[in-house]
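Chemist: What follows is a single structure, and I will ask about it in a moment.
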Ligand code: GLU
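Residue numbers (the numbering used here): 5 to 298.
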């Protein structure tokens with residue numbers, strides 16, 4: 005069983021690795037071998053799950069919603085074979101800027117070199133949504149870069165970009181790396197999103213906890229928008245396989261939570277919140293046995 009994740013310094017990758025390790029430890033019981041691979045992110049994972057190139061994929065709930073309903077990257081083409089397994093941690097649209105770039109709010113991004121993310125990432129769409137809501141055209145008002153999230157922190161430290169967007173759980177390795185260099189960095193609030201929040205049911209307001217990054221310039225938590233992370237599959241994956249993987253994660257949840265700090269508030273009931281596509285029968289069976297579904 006293959007699990008598509010994201011860049012190695014995000015949260016998807018270590019979370020996917022943790023799930024694969026837990027499943028593999030029970031190989032005698034489940035007869036499944038799982039492996040997690042680094043990928044381009046949410047959009048890539050959804051497409052790879054649907055094409056059968058991956059069995060499972062981790063993706064932002066906004067992207068799952070869009071795929072299921074035939075919106076954005078899937079405009080006019082609803083992905084009815086997509087299935088939810090469970091949700092994981094909250095993710096926040098995070099805008100990181102070099103302090104010396106003078107960027108304090110979205111409007112300051114005009115004319116700057118800004119990484120909006122690689123095609124295939126979830127955050128590329130979030131960056132575009134936030135910019136457009138702020139009246140900024142990503143194609144003409146700034147120099148938009150398409151770097152992978154794992155490369156952005158170094159590019160920021162090297163002075164080759166001024167800011168980057170990354171939709172991710174906190175804390176994570178990429179932001180730690182961005183804040184660890186000589187160039188001081190700060191989180192830039194993503195506010196004034198009222199219209200977007202009203203139009204797009206999958207976004208909610210969220211706050212970046214700055215205490216998790218001792219070297220960041222901000223002293224107060226930073227307002228933004230966010231969604232949850234979902235673990236997805238397709239209707240082509242067997243009930244037995246999805247049941248086994250779900251059962252393993254839920255029964256080891258105390259251990260799973262300790263494997264990455266972004267997962268620390270995960271609960272079995274919380275794993276059913278924010279799902280987009282219909283739940284896969286294998287996952288449904290597991291949550292029903294636990295009394296969490298009728
Ligand atoms: N949200 C990012 C994406 O969809 C990935 C975040 C992560 O790897 O933790 O591309």
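Even glycine gets a Cβ: it sits at the ideal position worked out from N, Cα and C.
State the Cα-Cα distance for the pair residue 284 and residue 246, rounded to the nearest angstrom.
Modeler: Their backbone Cα atoms lie some 8 Å apart in a straight line.
Chemist: Which residues in the same chain have their Cβ closer than 8 Å to the Cβ of residue 39, if we skip the five residues on either side of it in sequence?
Modeler: Hits under 8 Å: 5, 6, 7 and 24.
Chemist: Do the region 121-131 and the region 43-53 make contact, defined as three or more Cβ pairs closer than 8 Å?
Modeler: These segments touch.
Chemist: Buried or exposed for residue 37, going by 16 or more other Cβ atoms inside 10 Å?
Modeler: Result: exposed.
Chemist: Excluding the 5 residues preceding and the 5 following residue 166 in the sequence, name in chain order all residues of the same chain whose CB lies nearer than 7 Å to its CB.
Modeler: 101, 102, 105, 107, 116, 117 and 118, listed in sequence order.
Chemist: In whole angstroms, what separates the C-alpha of residue 265 from that of residue 14?
Modeler: Those two C-alpha atoms are separated by around 12 Å.
Chemist: What does a CB cutoff of less than 6 Å around residue 26 pick up in its chain, not counting 5 residues either side in sequence?
Modeler: Same-chain partners within the cutoff: 252 and 256.
Chemist: Less than 7 Å separating the Cβ of residue 143 from some heavy atom of the ligand GLU?
Modeler: Result no, Cβ not under 7 Å from the ligand GLU.
Chemist: With distance defined between alpha-carbon atoms, name the residue in 161, 206, 218 and 34 nearest to residue 97.
Modeler: The residue with the shortest Cα to Cα distance from residue 97 is 206.
Chemist: Is the beta carbon of residue 11 less than 8 Å from the beta carbon of residue 42?
Modeler: Yes; because the gap between Cβ atoms is below 8 Å, this pair is in contact.
Chemist: How many angstroms separate the CA atom of residue 90 from the CA atom of residue 139?
Modeler: Those two C-alpha atoms are separated by around 35 Å.
Chemist: Could you tell me which whole alpha helix (DSSP H) segments of length 4 or greater appear in the region 166-243?
Modeler: DSSP runs (the alpha helix (DSSP H)) wholly in the region 166-243: 177-183 and 198-203.
Chemist: Since residue 119 sits in a beta bridge, which residues does DSSP pair it with?
Modeler: Looking at the DSSP assignment, residue 119 forms a beta bridge with 149 and 168.
Chemist: Using the three-state DSSP reduction, which class does residue 13 fall into: helix, strand or coil?
Modeler: Coil.
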